[in-house]
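A.B. asks: Would you mind keeping the following structure in view while I ask a few things?
Protein chains: 2
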Amino acid sequence: MQPAVRLAGRRRDPRTDVAAIEAVLDLVGSGATLSGLSLVTIADRAGVSRNSLYRRWKTKDELYLDVLDAINKPLPDLRRPTARDELIAHLAVLIERTLDNRASSMLRALLAEAAAFPELHRRYFDEIVTPRREASYQIIRRGIAAGEIRPDIDVALVNEVLVGPILARLGSGGTEGLDPVQTSRRIVDLVYAGVQAS
Amino acid sequence: MQPAVRLAGRRRDPRTDVAAIEAVLDLVGSGATLSGLSLVTIADRAGVSRNSLYRRWKTKDELYLDVLDAINKPLPDLRRPTARDELIAHLAVLIERTLDNRASSMLRALLAEAAAFPELHRRYFDEIVTPRREASYQIIRRGIAAGEIRPDIDVALVNEVLVGPILARLGSGGTEGLDPVQTSRRIVDLVYAGVQAS
DNA sequence: TCGGAACGCAACAGGCCTGTTCCGATATAC
DNA sequence: GTATATCGGAACAGGCCTGTTGCGTTCCGA
Chain V
55 MQPAVRLAGR RRDPRTDVAA IEAVLDLVGS GATLSGLSLV TIADRAGVSR
105 NSLYRRWKTK DELYLDVLDA INKPLPDLRR PTARDELIAH LAVLIERTLD
155 NRASSMLRAL LAEAAAFPEL HRRYFDEIVT PRREASYQII RRGIAAGEIR
205 PDIDVALVNE VLVGPILARL GSGGTEGLDP VQTSRRIVDL VYAGVQAS
Chain A
55 MQPAVRLAGR RRDPRTDVAA IEAVLDLVGS GATLSGLSLV TIADRAGVSR
105 NSLYRRWKTK DELYLDVLDA INKPLPDLRR PTARDELIAH LAVLIERTLD
155 NRASSMLRAL LAEAAAFPEL HRRYFDEIVT PRREASYQII RRGIAAGEIR
205 PDIDVALVNE VLVGPILARL GSGGTEGLDP VQTSRRIVDL VYAGVQAS
């Protein structure tokens with residue numbers, strides 16, 4: 055959306071981009087849907103003229119793609135002495151993400167309207183879900199290689215059991231009051247030990 | 055919405071109610087949002103006059119409450135010889151529910167717009183989530199009483215780990231191609247045995 | 001200093017949705 | 001048979017959103 059050649063003229067105010075993205079996050083966090091949000095509402099909330107938004111983004115889809123980028127924080131370093139510690143750290147980061155109500159609402163809205171925003175949905179999977187899932191798989195595989203985790207388990211299934219409780223809470227919106235590290239530790243401990251009476 | 059006293063006059067066609075509810079499920083299953091759906095669209099899809107819908111439901115909220123009732127199937131009998139078998143049966147029923155794309159889409163849409171439809175959200179929790187969660191807790195507690203499950207585990211956490219993978223798939227919409235019983239068995243087996251190398 | 005671009009503000013037509021009101025036709029209870 | 005309630009179809013005003021255009025103003029690079 056930048057002009058082809060930048061010769062002269064007034065520069066775009068970068069605060070306008072930020073204000074628009076923040077406005078979308080605020081509004082979606084307050085219960086708005088992606089298709090229901092109007093550019094008028096976004097512009098008003100951002101304190102920006104509707105014209106400035108049209109200048110930057112041809113469609114709402116393009117704006118939403120930038121919103122998705124804005125909430126996609128890089129994966130932190132998860133290296134720890136043991137796979138168990140790495141899994142706890144991995145889940146803790148995931149829980150922290152779900153505690154951000156605006157980001158969680160954005161993802162919920164996105165998943166509910168995946169059919170209406172296929173490109174947004176694809177980017178979500180490719181840039182957010184897949185890298186984190188791969189990181190989780192790597193941790194589990196390293197745990198197997200180190201003799202810490204049983205080699206006969208299904209890596210994907212273990213990952214699902216570990217992150218399932220967190221993603222389920224993300225999906226249903228009940229993520230308040232979770233202590234990231236403590237909750238992660240309890241999940242990992244349970245899945246490590248199993249529930250069967252010996 | 056029924057008239058106070060039924061004296062005389064033409065009866066309401068019960069097929070109209072069904073057609074409206076089916077129309078909502080179809081449309082939401084195709085990606086529509088609850089707030090985005092219009093009564094015009096619903097009436098057209100149902101092959102019914104908009105007038106008939108207004109006669110039955112004052113607001114869209116009331117219509118959606120009936121839709122929620124329509125997808126709320128009763129809990130089947132889950133009694134089995136062991137808690138493990140009961141848990142497998144319980145999860146299998148849950149997976150079967152998520153395979154119904156229209157019902158899943160309805161729940162996703164509902165959760166994404168919980169703020170805009172508080173009554174609908176409350177009813178969802180009270181009439182769908184809570185009974186199933188309680189049933190799951192009961193199974194786990196019986197397993198503990200029978201000496202089948204460790205008594206020192208947190209019942210709620212075990213439930214979350216078991217249903218988490220399924221609810222997470224429900225939330226993200228990727229439930230196709232799951233065999234209910236086989237998937238349930240693999241989850242329960244994993245959570246029973248744990249992943250730790252002995 | 002001067003051209004070019006972004007800025008806010010306003011207006012416009014076109015479309016869709018709502019909520020309500022008519023109408024004539026049809027079905028049902030008393 | 002008559003009163004009553006439903007049915008489908010149509011119309012209406014009012015509101016909101018879109019996409020575009022125009023305007024005077026502000027900023028910035030050449």
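If you read the sequences in order, they're chains V and A.
Count along the first sequence starting at 1, add 54, and that's the number in the working numbering.
Count along the second sequence starting at 1, add 54, and that's the number in the working numbering.
Using N, Cα and C, we set each Cβ at its ideal position, and we do this for glycine too.
1. Per DSSP, glutamine 250 of chain A is paired with what?
2. Taking only heavy atoms of the ligand COA into account, decide whether any of them is closer than 8 Å to the Cβ of valine 249 of chain V.
3. Per DSSP, what kind of secondary structure is leucine 153 of chain A in: helix, strand or coil?
4. Check glycine 83 of chain A in the structure and name its three-state DSSP category.
5. Suppose the cutoff is 8 Å on Cβ atoms and the five residues either side in sequence are ignored; what does the same chain contact list for proline 205 of chain A look like?
6. Return no unless some Cβ of chain V is closer than 9 Å to the Cβ of aspartate 115 of chain A.
7. Taking all protein chains shown into account, decide if phenylalanine 171 of chain V is buried (16 or more other Cβ within 10 angstroms of its Cβ) or exposed.
8. Is the Cβ-Cβ distance between leucine 148 of chain A and isoleucine 194 of chain A less than 9 Å?
9. Quick check on the DSSP output: the alpha helix (DSSP H) that includes glutamate 214 of chain A runs from which residue to which?
10. Could you pull the start and end residues of the alpha helix (DSSP H) that valine 183 of chain V belongs to?
11. Using only alpha-carbon positions, find the residue among A/Arg110, A/Glu188, A/Gly231 that is nearest to glutamate 214 of chain A.
12. Taking a cut of 7 Å between CB atoms, which residues from the stretch 78–103 of chain A lie near chain V?
13. Taking only three categories from DSSP, how would you classify proline 128 of chain V?
14. Nearest-angstrom Cα distance between glycine 228 of chain V and alanine 86 of chain V?
15. So for glycine 90 of chain A, helix, strand or coil by DSSP?
16. In three-state terms, what does DSSP make of serine 103 of chain A?
C.D. replies: Walking through what the data contain:
1. V/Ile203
2. Because no ligand of any kind appears in the structure shown, any question about the ligand COA cannot be addressed here.
3. helix
4. helix
5. Ile198
6. For aspartate 115 of chain A, the answer is no, since every Cβ of chain V falls outside 9 Å of its Cβ.
7. buried
8. no
9. In the DSSP assignment, glutamate 214 of chain A falls within the unbroken alpha helix (DSSP H) covering 209–226.
10. Element bounds for valine 183 of chain V: n/a, residue is neither H nor E.
11. Nearest of A/Arg110, A/Glu188, A/Gly231 to glutamate 214 of chain A, Cα basis: A/Glu188.
12. Ser84, Gly85, Thr87, Ser89, Gly90
13. In this structure, proline 128 of chain V counts as coil in the three-state DSSP scheme.
14. Spanning the two alpha carbons is a distance of roughly 18 Å.
15. coil
16. Correct three-state label for serine 103 of chain A: coil.
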